[in-house]
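Residue numbers (this note's numbering), protein chains in the order written: chain U, 1235 to 1744; chain A, 323 to 505; chain G, 22 to 126; chain H, 2 to 701; chain R, 1042 to 1557. Think of the CB as a built atom: it goes at the ideal place given N, C-alpha and C, for glycine as much as any other residue.
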């Protein structure tokens, strides 16, 4: 069964069905969209259960564009790394739809369509195995997000959405030139595997190509100092938009580094590693400090993303299995935790129509369940051990320390700062006396809200105590990527991967 | 210097002078008259360049028809001429002169370098008599000749449409209703 | 004929000079009709070149081309005059080209 | 035997889950019983383990049991191996487990009475159970990351329990402060783990300690100092002690369990657990000892002038923790852990006593509004007195043995390294202060003049019991009289359950010392239950077989001094302290009126360290954040981004002027293009000479 | 006959195959029939019907002529010497003709509704359109400079009138006049260029020019050092004017804004196709050997065009004017294809551009009603509310023009840039992508207005119902724009099959004619 094609085109199909449902029948539209999204999520679980070993699975390879100018094939597949990003996308889409069930009141049908189209675009990015296909999806997913922010966003939405779109586009277009150059020099093909095999470009050229790719990805991540679009976009986006933006769209950047920059330009990647690690660490600390003083909860979470993604970048440029495993893990974790945080802020916003921290206070005494869920999400985001956030950060730090102890120690202070800004926010929002009478009318989480928060909560705990659910499946892909990103001629000091030596059943007692 | 050359020099000078008059005389009727002078001078130059038939056509078509058309319209419109002189366009005239001078100097240099070297004597004289031109026109240049038919047809239809009086129902917006809404 | 013939370069020079004059006329004059006349100057200048080249190359092709150019000039002028008449009729009665600047920037 | 370790943390976890999910639907008694029982069962399991251990020789007293693989580790140059969720039981961890579950069960039981009227009863017990669970993970973890899970987990529970009454922002702020300050320490722990992993390629205790010889000397110092930074956070040592006094904002059972008996001692446990590394790093040992003794001394001085009963106890805890660090820093790990052990009893007893007082006085905690409570709360009074004497170090109570052991170890080491003589001296001075301020708190609360605010009590009784903040008590004016003795007895009463817990704890406070204490000081007729011997396999022999570190450890000279003499000195000092307090009471100067004002201010305001930190980190951090956000981010970074857009727009606005609307200028533009093209064609080649030459040839 | 200069060009010697000119002649005939119908019928839709029929027949002729063997695809030359022919029906010309015809057909269809709304229904409109198309096709089929010049003048004259077709409307008349004045001015330069080329090479036949330059025998004596490059330069001025290349672009915004919207659509697509087709033929076929002379000029024009077009478009508030600057920008990209010697991308891009640009202008035409045009960006506000399908279509066009994937605009750009990079013009491509990043901004402004802003209610709103003709055009273009984004093979295949270098006796040789 062409699972990936179903996942890529399924949302489009659902969107097409939506287009034919009468405009006034909002309930049916929502039901169809959610039903479709849930079904797609369940289908994506088949990827999870069916995945084993390393390498690309569920590969589909069909002729697509075959012209005298160039050839591009519809080639998709997932390895351990993209597998979880795809599943994260299919998971967050229905959750986002549920979260915006009642908060989106205008142009519901268009909204649902754009959400589904976004899902298509993002899954396409993660599944593409052909450079042309990848790039097409990469830019294409800007469109639905652009509308989601621009139509259903806050007061300053148009500035934010244009900034988001143009900022990302500028970076992408330079990557486009690099892709074209690569095509020209590496065998006139867009097949990614072949490109990686052929990409023996001299280091001077590699540097430029790497920078072009890296710019696109770094903007998407976003890496300091290319981050300023993110707070604006998040602040203005509707809740579901923020969830998708933080949950999966940012991962496209880090995924790009891992999937393209490193294997294609191993020397240049390594040559720039100190720079990128430094920027990542600056981002970690800078994002955290700036987050601490935000008066707006969403902006705070947005800046926290800068900080968290800084960890991922730090791990990626450490070039070892430990850090990469952590980085992949952290990508998923950030989607879960930050997604949950945005959802929870959305719960408050839907009732009070403000996200300013000072408008709240003492909420915990009114909404005990919300309190628990919010605290869990905050702690997950702050990297509390036994929750998911820790595993990623810990692995990243373990790996990064081997590459650069000093920077890693500096990055570790981000752990302190995360507690500072998150708990301080939590304290001001949830604790104390109720200072605004309006807040007394706040409702606790409904069953509906719990229904979409529960999976995230479960994952926070489950991935915290049993991260091997992910790590054992990403290991093969990480090792393979590491192998293909190896600088030829250098003997890597990587652990020798002996498949039979790895036991995920738990080692024996000593 | 041959008579031809003398003739050329005189009428070339005349053409230039009348050309300058065309663009300098304030009254368009005077300009039109100067244009006649210019066209006639050029016709003479054609003659000196072995193109008698062209000279005739020049005199008949240009001086005879086109300029007359010009005169008709000038008189028909009895225009107030160039009334509003825009201050912010004052730079244009000197710029145009300088620009044209530069162009001419460039052309001068090019012609001097290229053309100056090839003043090769020529013994075979080819004269543009009507017969030869006719043969070319309906032989080698049949296609462009046909092309002119499209051109003329289009010009005919277009000029007729434009010149026709307006019909009722056509929306007019003269009268300042429409303001420039860009800016 | 030897040096009895007018040199090609001299013809070209006159042509260039006339062309330049036409250019100046188009740019400096505000009266649409005079601008048309200046365009005629330019076209005639090119015709002069064509004829000169034609003589130089011992061909008549250049002269035929000049003939075509005259047709073009006639067509352009007829449409142009039609247009100016139409505008003059409908508009505040002027042929000043500078007054046509509703659209800009 | 490998099942029991797994069961120990399981029950509190189950208790947490049950209380947290269905707790609201159960009766209060059921919730309390569930929570208490879950810890008690764990205690029973621990006792069974103890029994098992006692039946095997010392070398066999170790169990490492794996639950599942947590995450794979990819150490450079080694095969992939797993970091497991696994438990390690040895005498050291078992001791802590017994304390945690034993004292924990008692405090749970006590809390059933103390919290009986609280609105969030089930939440309280679920959190308390969660705390026990994490604390057990902390001590039972077989690797640094496992320990770290517990380490941060207890911090989380501490955070939530300090801010349990979060309606008062001060409580919530105290909780946040505790968590954040602890995180600073955790940073050290985390960094140390990274470093250790990069050296040994593993984080399992057994692997790290076995490979301790792979560390360079500086790495050893660095790692241990970072670990100790973690310890200072969790155990409230200089410079990270500031959170603990504020942490008293939580309910008193929390203060007793978390902030006195168990969690705060985690740092001591960790140093003891890592003794292999610490012993091999004398520099760190010196740092640990000096920090410990300085903390002990300064906390004691602050405790001298506090009026908040729980604050006195809090600083006392800080001070006692300082002692423990002196112990483990000196290398006398058993002594440090032993003090931890005894301290758990008497400090829990003291806190619960204070809790009983609060419960009786409608949450008043200000010593100035107490006095003569012995009349109303006899059980509390006697147990409190016993604990005070124990902490003061009066023989033969528990504190005497444990404290003396530490001081003796320091003195011993002072022979070789004079620094420890200073440690010893300051420790002795602290012992005096400890006796003084603890006696002071006892005297002000239970003896002397009755200064109770009856009116407030009556008002509170009318409102029913409720636990709000403690802070507003200080603002009340004392009102005397108008309340009959009957009423008084009715207003102030003790709950039998709570008193029972106090009695049990007081009993252990009194006896634990001479039962388990150092054999040298013990009478011959007592059974040989030496704590040191019990811990010996865990603290000395196992991890270091044949390694260079072992040699370094053994290089420290063994005990040489006369312990009896040292013990006598300690006892005399403690008695002097008590005597001083009594003398002050007689002089009616316990309210600190005798202390010079500047000194008083400095002490009462805790040397203004909080304010200093506030200025640096809070105010400075906020200012930095605001600057980074509003100036740097908005103007510089974003300014550049927007500047690019603005530049494009500006150039667009400029270039659109090109299109003037005047057709003649358009024509000129075309001419300009022509000029450029002609100019270009002529540009690259010399023009003037060829033109001149052409003219010379008669071009025209 | 005795005259030696006529050498060989006797009627008997000339190979005239009128069949190759059927696409042109059909249109001219249709124009004549339309004139008759116009004269005798009140119902102007019949004229449009004739026009459509003519276009359809002409398209059919194009298809029939498709893939004519090279030897047979040449006409109006000396028998036995294909290189002297003046008319060709190679696939290159036919594909361009088809683009022009398709643009014309769509224009006619949308004009019916538009003219009705503007009360401008006149037969001359369609007649002139037919003549313009025939002249354009003649221009792309011609391989002789004088014919090209005449054809160019012919369609220009038609367009002058069409631009001013709403002659009582100030802007329309002004557009016509400006176009005419500048068109005449610039074609004088073009003519000068032709004269210089003729003078230096002795021929105006593109194939002969190629042959002459390739064999490096200087036909015109020693004249070609400066005057030939100058001639090419002047030629570029004239063609640059037609394709709206900077600095000859200034007429574009004014004329596009003032002309009736369907005419703007037609001009932006068909004129561009014809002019670029000729530019490609002239530069890439006649003057490949003179590349060192013209390449820097074209490169400079490309750079300036991309930058100016995109940057100025940012500041525009009128959609027609905005699209005018956008068409300038697109001309810049197309110039890259010229520089890169890439007829495939040129043709493919023109096809894509035709689809999305006509669609966009059709939407603008839809907004016009009650005798006025509403083409301000503010007039687009809230369109997604009032008329979601139109808004969706316009959004597709805007994203396609901006070059966002899964649209024909992206694919066209991709192919163009790919070939340019493949031929080592990476610097130009970098500039082009940066420029197109800028372009996204102004296309998005339209999208923002439609989707994210509410109509202020001050100006009249567009009719909710779509007129059938415009609706059909919009729908067709939108579908094609999307479909072309996913399916590339047919159109790129067509474009690659339309490589004109199949003409016999024409070889592309390296090196320059002059100087070096």
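Chain U contact for residue i (CB, 7 Å cutoff)
i: residue 1480(R); result: no
i: residue 1471(R); result: yes
i: residue 1261(R); result: Bear in mind that the predicted position of residue 1261(R) carries a pLDDT of just 42, short of 50, making it too unreliable to give a figure here.
i: residue 1459(R); result: yes
i: residue 192(H); result: yes
i: residue 1107(R); result: no
Beta-carbon contacts of residue i that lie in its chain and below 8 Å, excluding the five residues immediately before and after
i: residue 1668(U); result: 1595, 1596, 1597, 1599, 1600, 1674
i: residue 198(H); result: 74, 76, 204
Test: residue i CB closer than 7 Å to a CB of chain R
i: residue 1469(U); result: no
i: residue 203(H); result: no
i: residue 1671(U); result: no
As assigned by DSSP and simplified to three states, the class of residue i
i: residue 1118(R); result: strand
i: residue 398(H); result: coil
i: residue 1308(U); result: strand
i: residue 487(H); result: helix
Beta-carbon proximity list for residue i, same chain, < 6 Å, skipping 5 on both sides
i: residue 1452(U); result: 1460
i: residue 469(H); result: For residue 469(H), the predicted structure reports a pLDDT of 42, less than 50, and the residue's modelled location is therefore unreliable. The matter cannot be settled from this model.
beta-carbon residue i near the ligand SAH non-hydrogen atom, thresh 6 Å
i: residue 578(H); result: Among the components modelled here there is no ligand, and therefore nothing to report on the ligand SAH.
Closer than 7 Å to chain H by CB, residue i
i: residue 94(G); result: no
i: residue 1568(U); result: no
i: residue 456(A); result: no
Residue i at chain G interface by Cβ criterion, 7 Å
i: residue 321(A); result: Outside the shown range of chain A, which is 323 to 505, sits residue 321(A), and nothing can be said about it.
Cut-off 7 Å between Cβ atoms - residues of its own chain near residue i, not counting five sequence neighbours on either side
i: residue 1401(U); result: 1453, 1463
8 Å Cβ cut-off: residues of chain D touching residue i
i: residue 1474(R); result: In summary, chain D is missing from the structure at hand, where the protein chains are U, A, G, H and R.
task = Can you check the region 1495-1532 of chain U for any alpha helix (DSSP H) of at least 4 residues that lies completely inside it and give the ranges in chain order?
result = With a minimum length of 4 residues, the continuous alpha helix (DSSP H) runs that stay inside the region 1495-1532 of chain U are 1500-1526.
task = Starting from the N-terminal side, write out each stretch of the beta strand (DSSP E) that is 3 residues or longer and does not extend beyond the region 1120-1191 of chain R.
result = Segments of the beta strand (DSSP E) lying fully in the region 1120-1191 of chain R: there are none.
task = Mind listing, in chain order, the continuous beta strand (DSSP E) runs of no fewer than 3 residues lying wholly within the region 371-405 of chain A?
result = If we require 3 residues or more, the region 371-405 of chain A turns out to have no beta strand (DSSP E) run fully inside it.
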